[in-house]
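Residue numbers (my numbering), protein chains in the order written: chain A, 74 to 187; chain B, 43 to 155.
Now the structure itself:
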């Protein structure tokens, strides 16, 4: 299995531009998570989906952030408009059915907003 | 609110010098405690899950233990390749957060040759 695949690996954009991050979870996994990692705040859960349905988006910072999961094999995290404080590493992770099943993380997208 | 505190923030060891990393937690009913390893430029990689106080898990030079308030990750005779950031996370048993993990800020371990 190729694992969780994220794209792009790096994104540099200017303030005010729209940014779209993409994630392909591991086939057969039914839960998908978006995390943001910074030096100051560590790993923060932004949103998670179960069976393609958003379950908890309380971690999404504000209305500029949105996430979709149109099918079991694809999810996007969009920031519009982007701001310099959005600069961080964004991770996607997936897990299978069992409640305690471990999370598998992608390699992340390093986002820099200038 | 679930909380996870890891200490120390950073740890430098000489090769072969054993030590322990600490993860203190408060959670409304623990479903599981997880340890992950994160290398620079990569996502966290799963190491262990512990479910109940007294449980221990081992993998090569690493051993994780769990009490009702904290978990330790013991590193015996570490090697330079053990250098990484070690993350602890808890999963609460409350229905609203049953699928979520709350992560600590991590311990950055450096093992010098």
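The beta carbon of each residue, even a glycine, is placed where N, CA and C say it ideally should be.
Since the structure is predicted, the reported quantities are computational estimates derived from the model, not experimental observations.
Within a 10 Å sphere around the beta-carbon of residue 97 of chain A sit 16 or more other beta-carbons, which makes this residue buried. Nearest to residue 146 of chain A by C-alpha distance, out of A:85, A:102, A:86 and A:82, is A:102.
Cβ neighbours of residue 170 of chain A within its own chain (closer than 7 Å, five residues either side excluded): 103. Here residue 187 of chain A is exposed, its C-beta having fewer than 16 other C-beta atoms within 10 Å. 83, 84, 85, 86, 87, 88, 91 and 93: these are the residues of the stretch 79-105 of chain B whose beta carbon lies less than 8 Å from some beta carbon of chain A, given in chain order. Under the criterion of beta carbons closer than 8 Å, residue 161 of chain A and residue 149 of chain A do not qualify as touching, at roughly 17 Å. Residue 79 of chain B sits in a strand when the DSSP states are folded into three classes.
Taking a cut-off of 8 Å for Cβ pairs, the stretch 113-126 of chain B and the stretch 88-103 of chain B touch, as three or more such pairs fall below it. Taking a C-beta distance under 8 Å as the contact criterion, residue 118 of chain B and residue 149 of chain B do not qualify as a contact pair. C-alpha of residue 108 of chain A to C-alpha of residue 129 of chain B: approximately 14 Å in a straight line. At least 8 Å separates the CB of residue 45 of chain B from every CB of chain A. Residue 129 of chain A sits in a strand when the DSSP states are folded into three classes. Between residue 112 of chain A and residue 125 of chain A, the gap from beta carbon to beta carbon reaches 8 Å or more.
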